[in-house]
Ligand code: GLC
Ligand code: GLC
């Protein structure tokens with residue numbers, strides 16, 4: 037059982053202690069418009085705003101786990117050639133450490149008494165990244181060495197860059213001025229931007245041609261220029277432009293030298309494009325390098341990265357939490373992951389190529405749920421952007437492009453869960469901020485741009501869409517799929533080159549129904565009724581209550597299978613996820629959403645549904661499989677769900693995202709032990725064996741192979757998953773139980789009986805609440821007393837404090 041690193045909680049860092057992790061362990065840089073991904077060996081790439089249209093550095097695919105391109109430093113010292121991050125040379129180091137922090141990564145490698153430290157970060161509001169480099173002589177002798185930097189440039193449009201060599205091998209253009217390399221491919225024609233890669237210290241050489249630096253028959257593991265100890269000051273004409281600097285150093289015993297490399301995306305704006313024919317106007321580039329030549333400016337920029345995160349995280353911090361993995365996730369890493377998913381949706385990671393998927397309608401709405409406390413204004417804008425891609429009849433584009441904010445015709449529409457998620461994100465925003473004016477924002481509709489439709493209209497359009505589109509059992513039609521993208525009950529796809537999701541309906545019409553959407557509708561309707569009550573519109577609330585009652589009746593009369601909720605009805609109205617099925621008898625999503633929506637509360641079914649999950653889907657330390665038994669053959673009438681090998685992805689893999697809903701279910705039942713046990717079963721920080729789990733121990737992965745697979749416990753597709761938002765909701769609002777409500781902050785923890793207590797600091801609507809929870813009687817749930825600034829109050833919602841109050845002290849005692 038090998039161990040590759042540990043958490044440094046005080047620094048909010050994950051410390052990787054050996055470079056050969058089971059998979060590349062990734063971190064993100066940047067949270068405004070400039071983004072980078074960086075692994076423990078300095079692999080990864082950078083882009084501005086849109087990983088497809090403004091890719092700055094190149095990453096050659098299909099590159100997981102090889103992770104072969106990145107932001108490399110090479111050291112040539114005597115005969116030896118090495119990288120502080122171990123790769124690409126893989127020369128054995130005397131010491132290695134990588135610290136992934138929030139918005140930065142610090143890699144330190146040592147060999148033969150020389151230590152090189154590379155700190156990479158993106159300063160707030162800047163379109164650039166800085167690598168602060170320190171070289172230390174730890175020996176008693178003077179050390180002479182050459183340090184080389186290396187990146188490979190991408191021709192901005194990443195798909196073309198990767199596929200259209202007949203063109204791209206002839207277009208590459210660069211310029212060199214002083215210590216700076218300018219990558220300006222296509223600048224003469226329609227681009228008004230370039231990439232700058234500069235060094236803040238004088239250099240002793242450079243290369244911009246890959247063939248010159250790496251060598252035609254060499255690899256990044258043995259680049260020609262580094263082996264020779266000398267760059268050849270090459271200028272790239274076509275082929276593959278790179279940026280490499282050479283810095284010769286002579287360090288006295290104990291001496292060190294610090295300088296920086298800056299990689300920047302520069303938009304020329306209104307400046308004249310050229311100084312002379314073929315000569316770029318470099319005013320902006322020079323200004324950037326000058327600014328960061330001052331090491332104080334570098335350090336101040338780094339300090340502001342750290343400070344920004346401390347400010348963000350101070351909005352929700354828990355202390356004295358008896359579960360260490362839970363504390364780590366809720367206080368630090370889960371919030372970092374929430375930031376990444378909010379910014380990048382499912383576009384750019386070690387598994388998402390940055391050229392495929394835009395912002396998902398359902399995905400982005402759910403991402404808001406875990407993000408809204410951090411930057412509510414950005415959440416507000418996101419909600420409005422998403423809603424504007426909905427059509428006037430309620431249909432939603434499944435994805436939209438972040439640069440244009442327009443619905444993506446390729447991904448199409450007809451995923452019938454999509455409309456309802458908008459209600460959840462909107463209500464979450466209003467609960468957090470109390471700001472209901474968002475409802476009046478006029479955003480129009482995708483099919484009638486400029487129309488007077490407000491966000492509130494969109495919520496009603498969504499409700500109406502689900503009510504209108506129902507099937508033979510009265511349940512909502514599923515369309516192309518619901519949350520489970522792979523439950524394609526109308527597609528009947530029989531050709532390998534078709535997309536499961538968007539292939540034309542080859543069935544007998546659109547009659548397949550989703551019980552999960554029915555449950556989601558119940559949840560959304562309750563949310564919306566609550567919102568109308570907050571707005572003091574009781575008639576509207578009652579109208580929605582009526583819709584709720586009607587759907588609840590249908591769920592209970594049509595979708596109970598005897599011991600759990602049926603998942604769906606297929607195009608022949610046969611049940612999916614039922615005891616009558618040979619495989620796929622029990623599904624997780626319908627248990628989750630029927631329970632969350634309030635079904636089964638009065639007739640004992642909610643408890644039974646969760647017990648079915650426990651019996652058929654859950655395994656300690658692994659989590660819940662999506663369904664049971666896994667499909668062993670392809671079912672034309674079910675689609676992609678039955679295409680995966682058993683135990684992976686949507687065919688009975690542990691799909692972390694849907695597990696979180698079950699965690700909430702257990703807290704609703706007051707089962708604190710179960711809720712925490714389940715939470716920890718998928719928690720990356722609680723995985724004991726890195727070699728089995730393989731993915732990053734500090735962020736959730738979309739999927740872990742289940743007990744029904746040959747590789748149980750092996751995770752894939754880390755970082756960009758809806759699990760991030762939902763698990764933060766679980767930990768912060770349902771386990772620790774500090775939950776924003778329309779009328780104030782509600783305190784409703786659900787914890788193991790053995791917990792003696794914990795505390796939470798929560799900034800909410802301008803007030804800092806210090807909440808101390810005590811559990812003297814060993815209960816799981818139920819607030820016995822709530823004392824607010826010394827005054828006992830009824831119920832478990834903290835009353836809105838008097839205007840001008842900035843701090844409130846809350847004492848909570850659990851008990852019946
Ligand atoms: C992926 C998709 C998400 C979907 C899930 C289940 O994570 O991004 O939209 O709900 O798979 O199929
Ligand atoms: C596949 C994946 C699913 C994902 C979808 C996105 O169906 O299995 O997880 O949501 O592709 O298009």
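Residue numbers (my numbering): 37 to 852. Using N, Cα and C, we set each Cβ at its ideal position, and we do this for glycine too. Predicted model, so just to flag it, every value in this text is computed and none were measured.
Problem - Whole-angstrom distance between residue 407 and residue 474, CA atom to CA atom - result: What you label residue 474 is simply residue 438 of the chain shown in a count that begins at 1. What you label residue 407 is simply residue 371 of the chain shown in a count that begins at 1. Using only the alpha carbons, I get a separation of about 17 Å.
Exercise for the section: Let me know the secondary structure DSSP gives residue 282 once reduced to three states. Expected result: Start at 1 with the first residue of the chain shown, and residue 282 comes out as number 246. Three-state result, residue 282: strand.
Handout entry: Start and end residues, alpha helix (DSSP H) containing residue 244
Key = Here residue 244 corresponds to residue number 208 of the chain shown, with the count starting at 1. Where residue 244 is concerned, there is no enclosing alpha helix (DSSP H), although the beta strand (DSSP E) it sits in stretches over 241-245.
Handout entry: Whole runs of the beta strand (DSSP E) within the stretch 389-413, excluding any shorter than 3 residues
Key = none
Practice task
Give the DSSP bridge partners of residue 136, in chain order.
Solution key: Within the chain shown, numbered from 1, the residue matching residue 136 stands at position 100. DSSP output for residue 136 lists 50, 141 as bridge partner(s).
Practice task
Quickly, what does DSSP pair residue 23 with across the bridge? List them, please.
Solution key: The question about residue 23 has no answer, for the chain in this structure spans 37 to 852.
Exercise for the section: Following the continuous alpha helix (DSSP H) through residue 582, name the residue where it begins and the one where it ends. Expected result: Taking the first residue of the chain shown as position 1, residue 582 is located at position 546. First-last of the alpha helix (DSSP H) with residue 582: 574-594.
Practice task
Consult DSSP for residue 60 and reduce its assignment to one of helix, strand or coil.
Solution key: As a position in the chain shown, residue 60 is number 24, starting the count at 1. The three-state reading of DSSP puts residue 60 in coil, since its state is none of H, G, I, E or B.
Exercise for the section: For residue 220, count neighbouring C-beta atoms within 10 Å of its own C-beta (all shown protein chains included) and say buried if the count is 16 or more, exposed if not. Expected result: By 1-based counting over the chain shown, the position of residue 220 is 184. Its Cβ being crowded by 16 or more others within 10 Å, residue 220 is buried.
Problem - Nearest to residue 848 (by Cα), restricted to the options 808, 515, 165 - result: Residue 848 sits at position 812 when you count from the first residue of the chain shown. Measuring from the Cα of residue 848, the nearest candidate turns out to be 808.
Handout entry: Assigned secondary structure, residue 803 (DSSP; H/G/I helix, E/B strand, else coil)
Key = Against the chain shown, residue 803 aligns to sequence position 767. In the three-state reduction of the DSSP assignment, residue 803 falls in the strand class.
Exercise for the section: With a threshold of 16 other CB atoms inside 10 Å of the CB of residue 161, please say whether the residue is buried or exposed. Expected result: Stepping through the chain shown from its first residue, residue 161 is reached at position 125. Label assigned to residue 161: exposed.
Exercise for the section: Would you list the one or two residues that DSSP bridges to residue 91? Expected result: For the purposes of this step, residue 91 is identified with residue 55 of the chain shown, where counting begins at 1. 83, 192.
Practice task
Please say whether residue 113 and residue 169 have beta carbons closer to each other than 9 Å?
Solution key: Numbered from 1 along the chain shown, position 133 holds the residue referred to as residue 169. Numbered from 1 along the chain shown, position 77 holds the residue referred to as residue 113. Cβ distance not < 9 Å, so residue 169 and residue 113 don't count as in contact.
Handout entry: Any residue whose CB is nearer than 7 Å to a heavy atom belonging to ligand 1, listed in chain order
Key = 382, 396, 398, 399, 519, 520, 521, 522, 686, 691, 693, 738, 757, 758
Handout entry: Where residue 731 sits in the DSSP three-state scheme
Key = Mapped onto the chain shown, residue 731 falls at position 695. The answer is coil: DSSP assigns residue 731 none of H, G, I, E or B.
Practice task
Reducing DSSP to helix, strand and coil, say where residue 419 ends up.
Solution key: For the purposes of this step, residue 419 is taken as the residue at position 383 of the chain shown. If DSSP states are grouped into helix, strand and coil, residue 419 belongs with the helices.
Exercise for the section: Alpha carbon to alpha carbon, how far is residue 648 from residue 910? Give it in angstroms, no decimals. Expected result: With the chain represented from 37 up to 852, any question about residue 910 goes unanswered, as that position is not in the structure.
Practice task
Would you kindly work out how many angstroms separate the C-alpha atoms of residue 910 and residue 367, rounded to a whole number?
Solution key: Outside the displayed range of the chain (37 to 852) lies residue 910, so it cannot be described from this structure.
Problem - Cα-Cα separation between residue 661 and residue 94, rounded to whole angstroms - result: Taking the first residue of the chain shown as position 1, residue 661 is located at position 625. Taking the first residue of the chain shown as position 1, residue 94 is located at position 58. Their Cα atoms are separated by approximately 37 Å.
Practice task
Apply the 10 Å Cβ neighbour rule to residue 136 and answer buried if 16 or more other Cβ atoms are within range, or exposed otherwise.
Solution key: Translated into positions along the chain shown, residue 136 becomes position 100. It is buried - the Cβ of residue 136 has at least 16 other Cβ atoms within 10 Å.
Problem - Between the CA atoms of residue 71 and residue 589 - distance to the nearest angstrom - result: Sequence index remark: in the chain shown, residue 589 carries index 553 (1-based). Sequence index remark: in the chain shown, residue 71 carries index 35 (1-based). If you draw a straight line from the Cα of residue 589 to the Cα of residue 71, it comes to about 48 Å.
Handout entry: Rounded C-alpha distance that separates residue 182 from residue 697
Key = Translated into positions along the chain shown, residue 182 becomes position 146. Translated into positions along the chain shown, residue 697 becomes position 661. Residue 182 and residue 697 have their C-alpha atoms some 54 Å from each other.
Practice task
Sort 632, 840, 796 by Cα distance to residue 354 and report the nearest one.
Solution key: In the chain shown, the residue the question calls residue 354 occupies position 318. Closest by alpha carbon: 796.
Problem - Endpoints, the alpha helix (DSSP H) within which residue 72 is located - result: To locate residue 72, count along the chain shown from 1; it is residue 36. Where residue 72 is concerned, there is no enclosing alpha helix (DSSP H), although the beta strand (DSSP E) it sits in stretches over 70-75.
Practice task
Classify residue 197 as buried or exposed, calling it buried when 16 or more other Cβ atoms lie within 10 Å of its own Cβ.
Solution key: Taking the chain shown and counting its residues from 1, the one referred to as residue 197 is at position 161. Flag for residue 197 reads buried.
Exercise for the section: Return yes when the Cβ of residue 692 is within less than 9 Å of the Cβ of residue 763, no when it is not. Expected result: If you number the chain shown from 1, residue 763 lands on position 727. If you number the chain shown from 1, residue 692 lands on position 656. Yes, Cβ-Cβ distance for residue 763 and residue 692 is below 9 Å.
Problem - Touch test, the stretch 431-451 against the stretch 384-398, Cβ-Cβ under 8 Å, three pairs minimum - result: yes
Handout entry: Pairwise C-alpha distance: residue 294 and residue 263
Key = Residue numbering aside, residue 263 sits at position 227 when the chain shown is read from its first letter. Residue numbering aside, residue 294 sits at position 258 when the chain shown is read from its first letter. C-alpha separation (whole angstroms): 24 Å.
Practice task
Would you mind stating whether residue 794 and residue 776 have Cβ atoms separated by less than 9 Å?
Solution key: By 1-based counting over the chain shown, the position of residue 794 is 758. By 1-based counting over the chain shown, the position of residue 776 is 740. Not closer than 9 Å, so no.
Exercise for the section: Compute the Euclidean distance between the alpha carbons of residue 307 and residue 448, then round it to the nearest angstrom. Expected result: By 1-based counting over the chain shown, the position of residue 307 is 271. By 1-based counting over the chain shown, the position of residue 448 is 412. In a straight line, the C-alpha of residue 307 is about 40 Å away from that of residue 448.
Exercise for the section: Starting from the C-beta of residue 676, find all residues in its chain whose C-beta is less than 6 Å away, skip the five residues before and the five after it, and write them out in chain order. Expected result: In the chain shown, the residue the question calls residue 676 occupies position 640. Result list for residue 676: 522, 524, 536, in chain order.
Practice task
Compare the Cα-Cα distances from residue 717 to each of 386, 705, 704, 742 and report the closest residue.
Solution key: Numbered from its first residue, the chain shown carries residue 717 at position 681. Answer by Cα proximity: 742.
Problem - Cβ shell of residue 468 (< 6 Å), same chain only, five flanking positions each side left out - result: Here residue 468 refers to the residue found at position 432 of the chain shown. Cβ neighbours of residue 468 beyond the five flanking positions: 408, 409, 412, 776.
Problem - CA nearest to the CA of residue 124, picked from 92, 56, 362, 237 - result: By 1-based counting over the chain shown, the position of residue 124 is 88. The residue with the shortest Cα to Cα distance from residue 124 is 56.
Problem - Spatially closest choice to residue 226 from 247, 305, 572, by CA coordinates - result: What you label residue 226 is simply residue 190 of the chain shown in a count that begins at 1. Residue 226 has its Cα closest to that of 305, out of 247, 305, 572.
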